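In the numbering used here, the protein residues as written are 2 to 996. Cβ atoms here follow ideal geometry from the backbone N, Cα and C, with glycine treated the same way. Please read all numbers here as calculations on a predicted model, not as lab measurements. Below is one structure, written out as structure tokens, with a few remarks after it.
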């Protein structure tokens, strides 16, 4: 017994010793995987194929492979979008390695987002462009649309000025309407966002300057822009202006990763309007003014633009946590933005949060995608009328003087009340108007994608989404303020609630048929969209906040509309080379009568992957060559009033009631309407070529297109008595657009420690109106483009065979010295008189060519990048100079005041304003450097350099502008330069810390 016990003890000791010896013969490999900018890559795969061992990096890019046999092993690291890295590692214990991946020049198997699904990049049939977060614009970005400025051919993003959280105008291939909306449909994680614009393009969500700024740009992963009809027709009646698909960041498997990013910046106005100095005003008035005008001169030297502008500080802070809990990926983020404007008192504060949870259940057959976004903002809006007043106000006067109007200098009449024909003190305008707003917005969706167990090729997808917002605020002007002295001040609350709901369901069937060398991908779905706005009508009070000055008839207005949709798509691929795609969508909108309620929007496309053909097999340098041909019809219903097909009546205000006996009655006036109003529709032809060389190190695309829009909403003259007006908005117009797009991306240098990326895009787009009236009338002009300085003046017009919004002006005549002659214009029709018929169409705000250029250099831990843009052939009407560049504007004898004028006054020498002269139509072509940035990655800086990856960056935005235009900025979307909130030059210091 004892012997048997001893034998067992010896055997146990032997196995323990053997185990220890075996353990002593193994080691481990651990380390970090970095990208080209030395930032950690979460989710990268690290494998030793010979041992069939592998793992993934955690949220900090770190990994560990334990119990690896001693010796040399081949370590392979892969990550989507990067070249495969193979490294020989000699294991002789615990080995630490640092592995840096190089971006792959082009990944044709990359999955891109399309409408209601995804597709591999190599199989895409439509004109689609994607920009990922690593290629976004850098710096202080407060609104998502600013991330892709200058990045995509065919896409023009123009910021509307430098207001905190200010909006942008997005145009894809120039838009497709004259009187409805030209804004693209924006879809975030499957939720179509509210447009927040009425039929006139005005913001319907009060309390915030730009509703899109309620989305935190730091939460966005990719922008995908759908440009041609084949890509957009699946969205039917909302797709004529293109579609922007935004995908937000999601969680990844592995340990939790924490990222903290802060950017702090100082902004200043880059350029002000060149006006006369106080001494120049005094010299001119003393030389040319009357005794009364000379007596008006002050002794101050006030630069009014300096008085209303300031250096503005911004801090933007974001914290995110991403990872997986029991195999359920999640991402939670919080953001806080506090941005001052360069106009005094202007400020925006935004608090935002986002949650994404993406579990997979039932053996990965059910994928759940929960996305929730929320934000709250508080704004104080500076009174932007002060921008124009700062140009105009007399610089010889002081900012402040003792009086009963807040001690701001004002032009007064002899009675002591403010002169009604004089501009108000710019500083007083701002400081005595307290306009504050608050908004809250939440949107998101819960999406279920189920792959049937008995037929895994068939997926059922249910998407439940919402977008709700509340905007409120108040505007207060005290009774002593000169700007509202006649009404004893002003006070009014405002509020709107907006609620949009989305229900979408579709089936998708994707099946490979190897025996036929075929693949079929079919989708069929249904959509329901309910949109409601509640606008509260509040009483307007005088400055005491108790005396009503205007009482609304109704307490609120609650317009709404609904859209019902059915859609389908089939994509057939043969031999991985030939792809046929067809889509159709039918939409029914409550904005139209039953006879015109439904519209059908089809598309068809053919794609040929030429590089897969045998005759190109020997051309090894060619990595991609794909021909795309498509045709489709899309619709337009945004910007069309909800009830324009029904009889409408305008109810009089309480102050305009009609008395019969002792009773007062509201008056209801009928409004002109068209019961047959219907969709605007656009047919688009597109031919494209995608190319790639040297394994994609050089790649890009070429597209040509033609768009024909019919049933444009246009204002036409109608016989008196046939309706309730002599003009009617109806579907009568046609418009055509032709264009060319070119994109080129390259990686001239691609090494482990040094890489260089280049990106270039070019856009040519020509638009012309082909019909505006029910019967052919080549001389018909639809006036638009109202200007400041003269009531009822329009400087633009639409007419046949001209670009929309072309300038309609008189042809200025010049003397032998090249100086414009006062009131002398060319008699273009030769009738011996200068009349309206002598106005001609001269230039337009639309650029002929748009250029974009991006480049980035990564050297070891340094990264340098910049973005430049150019706009060629665009013109502006300089309404600043046309209004403030005459001697009568300076010596304003009619008002009994003095004003300042622009420097152009010295060149033109006009005695009175010449608003319709083509002299004020200026070439506004420009080259801009949007930003230049430099960053350095310090690696891990905490816990003995095991964690805390730190990157510090610097950036300058709006670096320079090269242009012949003399105003403050040549980039004005509508082509009329007046009272533009200056885009500042911004200096940014950023810090990113990851755990």
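Next on the checklist: Suppose the cutoff is 8 Å on Cβ atoms and the five residues either side in sequence are ignored; what does the same chain contact list for residue 979 look like?
Outcome noted: Here residue 979 refers to the residue found at position 978 of the chain shown. Excluding residues within five positions, the ones whose Cβ falls inside 8 Å are 389, 788, 789, 880, 881, 884.
Checklist entry - Just to check, is the beta-carbon of residue 288 closer than 7 Å to a non-hydrogen atom of the ligand ADP? => result This structure does not include the ligand ADP; it has no bound ligands of any sort.
Item to check | Those residues which DSSP pairs with residue 821 across a bridge | outcome: Mapped onto the chain shown, residue 821 falls at position 820. In the DSSP output, where bridge partners are listed per residue, residue 821 has 815.
Item to check | Between the CA atoms of residue 366 and residue 451 - distance to the nearest angstrom | outcome: Taking the first residue of the chain shown as 1, we reach residue 451 at position 450. Taking the first residue of the chain shown as 1, we reach residue 366 at position 365. Looking at the two C-alpha atoms, the distance is approximately 6 Å.
Item to check | Residues near residue 302 in its chain [Cβ-Cβ closer than 6 Å; skip 5 each side] | outcome: Counting from 1 along the chain shown, the entry for residue 302 is found at position 301. The residues are 279.
Next on the checklist: Let me check understanding here. Comparing Cα to Cα, which of 257, 252, 349 lies closest to residue 360?
Outcome noted: Translated into the one-based positions of the chain shown, residue 360 becomes position 359. Cα-wise, what sits closest to residue 360 is 252.
Item to check | Buried or exposed by the 16-neighbour rule on C-beta atoms within 10 Å, applied to residue 509 | outcome: As a first step, residue 509 must be located in the chain shown, where it is residue number 508. Counting Cβ neighbours within 10 Å, residue 509 comes out buried, since at least 16 surround it.
Checklist entry - Candidates 707, 271, 45: which alpha carbon is nearest residue 313's? => result Counted from its first residue, the chain shown places residue 313 at position 312. Considering only alpha carbons, the answer is 271.
Checklist entry - Are the beta-carbon atoms belonging to residue 611 and residue 626 less than 8 Å from one another? => result Translated into positions along the chain shown, residue 611 becomes position 610. Translated into positions along the chain shown, residue 626 becomes position 625. Against a cut-off of 8 Å, the Cβ pair of residue 626 and residue 611 comes out as a contact.
Next on the checklist: In the DSSP output, what is residue 963 paired with across the bridge?
Outcome noted: Along the chain shown, one-based indexing puts residue 963 at 962. BP columns for residue 963 point to 928.
Next on the checklist: Based on DSSP bridge pairs, tell me the residues matched to residue 603.
Outcome noted: Residue numbering aside, residue 603 sits at position 602 when the chain shown is read from its first letter. Answer is 585.
Checklist entry - Ends of the beta strand (DSSP E) at residue 348? => result For the purposes of this step, residue 348 is taken as residue 347 along the chain shown, with counting starting at 1. Per DSSP, residue 348 belongs to the beta strand (DSSP E) from 348-358.
Checklist entry - Cα separation between residue 768 and residue 596? => result For the purposes of this step, residue 768 is taken as the residue at position 767 of the chain shown. For the purposes of this step, residue 596 is taken as the residue at position 595 of the chain shown. Going by the C-alpha atoms only, they are around 31 Å apart.
Checklist entry - What is the DSSP secondary structure of residue 51, reduced to helix, strand or coil? => result Taking the chain shown and counting its residues from 1, the one referred to as residue 51 is at position 50. Three-state result, residue 51: helix.
Item to check | Buried versus exposed call for residue 870 [16 or more other C-beta atoms within 10 Å across all chains shown] | outcome: Residue 870 sits at position 869 when you count from the first residue of the chain shown. By the 10 Å Cβ count, residue 870 comes out buried.
Item to check | Anticipated Cβ contact below 8 Å, residue 294 with residue 899, distance rounded | outcome: In the chain shown, the residue the question calls residue 294 occupies position 293. In the chain shown, the residue the question calls residue 899 occupies position 898. Between residue 899 and residue 294 the Cβ distance is about 7 Å, and since that is below 8 Å, they are a contact.
Checklist entry - Mind checking residue 647: buried by the 16 CB within 10 Å criterion, or exposed? => result Sequence index remark: in the chain shown, residue 647 carries index 646 (1-based). It is exposed - the Cβ of residue 647 has fewer than 16 other Cβ atoms within 10 Å.
Next on the checklist: I need the straight-line Cα distance from residue 87 to residue 959, nearest angstrom please.
Outcome noted: In the chain shown, counting from the first residue as 1, residue 87 sits at position 86. In the chain shown, counting from the first residue as 1, residue 959 sits at position 958. Residue 87 and residue 959: Cα-Cα distance of roughly 42 Å.
Next on the checklist: According to DSSP, simplified to helix, strand and coil, what is residue 995?
Outcome noted: Residue 995 sits at position 994 when you count from the first residue of the chain shown. Strand, per DSSP.
Checklist entry - Which whole-angstrom value is the C-beta distance of residue 927 and residue 971, which I expect to be below 8 Å? => result Stepping through the chain shown from its first residue, residue 927 is reached at position 926. Stepping through the chain shown from its first residue, residue 971 is reached at position 970. With 8 Å as the limit, residue 927 and residue 971 qualify as a contact, their Cβ atoms being about 4 Å apart.
Next on the checklist: So, with DSSP's three-state summary, where would you put residue 311?
Outcome noted: As a position in the chain shown, residue 311 is number 310, starting the count at 1. It is coil, neither helix nor strand.
Checklist entry - Quick one: what's residue 863 bridged to in DSSP? => result One-based indexing of the chain shown puts residue 863 at position 862. Answer is 860, 937.
Checklist entry - Under a Cβ-count criterion, where at least 16 other Cβ atoms within 10 Å of its own Cβ denotes burial, should residue 1000 be classed as buried or exposed? => result With the chain running from 2 to 996 in the structure shown, residue 1000 is simply not present.
Checklist entry - Anyone know if the C-beta pair for residue 471 and residue 543 falls short of 8 Å? => result Numbered from 1 along the chain shown, position 470 holds the residue referred to as residue 471. Numbered from 1 along the chain shown, position 542 holds the residue referred to as residue 543. Their beta carbons are not under 8 Å apart, which means residue 471 does not touch residue 543 by this criterion.
Checklist entry - Can you check whether the CB of residue 478 is closer than 8 Å to the CB of residue 490? => result Counted from its first residue, the chain shown places residue 490 at position 489. Counted from its first residue, the chain shown places residue 478 at position 477. Yes, they are a contact pair.
Checklist entry - Does the count of Cβ pairs from the segment 158-177 and the segment 751-761 closer than 8 Å reach three? => result no
Item to check | Under the three-state DSSP convention, the category residue 215 falls into | outcome: The residue labelled residue 215 in the question sits at position 214 within the chain shown. Helix at residue 215.
Next on the checklist: Can you check which of these residues, 755, 872, 751, 775, is closest to residue 718 by C-alpha distance?
Outcome noted: Working through the chain shown from its first residue, we reach residue 718 at position 717. That would be 775, whose Cα lies nearest to the Cα of residue 718.
Next on the checklist: Quick check on residue 566: buried or exposed, where buried means 16 or more other Cβ atoms within 10 Å of its Cβ?
Outcome noted: Stepping through the chain shown from its first residue, residue 566 is reached at position 565. Residue 566 should be labelled buried.
Next on the checklist: Please report the distance separating the alpha-carbon of residue 333 from that of residue 443.
Outcome noted: Position 332 of the chain shown holds residue 333. Position 442 of the chain shown holds residue 443. Rounded to whole angstroms, residue 333 to residue 443 spans 15 Å at the Cα level.
Item to check | DSSP state of residue 920 mapped onto helix, strand, coil | outcome: The count along the chain shown starts at 1 and reaches residue 920 at position 919. Residue 920: helix per DSSP, three-state reduction.
Checklist entry - According to the neighbour-count rule (16 or more other Cβ atoms, all chains shown, within 10 Å of its Cβ), is residue 458 buried or exposed? => result Taking the first residue of the chain shown as 1, we reach residue 458 at position 457. It is exposed - the Cβ of residue 458 has fewer than 16 other Cβ atoms within 10 Å.
Item to check | For residue 23, the three-state DSSP class (helix, strand or coil) | outcome: Locating residue 23 in the chain shown gives position 22, where the first residue counts as 1. Residue confidence for residue 23 is low, a pLDDT of 42 falling below 50, so the modelled location carries little weight; the figure read from the coordinates is stated next. Note: residue 23 maps to helix in three-state DSSP.
Checklist entry - In three-state DSSP terms, what is residue 80? => result To locate residue 80, count along the chain shown from 1; it is residue 79. In the structure shown, residue 80 sits in coil (DSSP, three-state: anything other than H, G, I, E or B).
Checklist entry - Any idea which residues DSSP pairs residue 285 with across the strands? => result Position 284 of the chain shown, counting from 1, holds the residue named residue 285. In DSSP, residue 285 forms no bridge with anything.
Item to check | Exposure of residue 275, with buried meaning 16 or more beta-carbon neighbours within 10 Å | outcome: Along the chain shown, one-based indexing puts residue 275 at 274. Under this definition residue 275 is an exposed residue.
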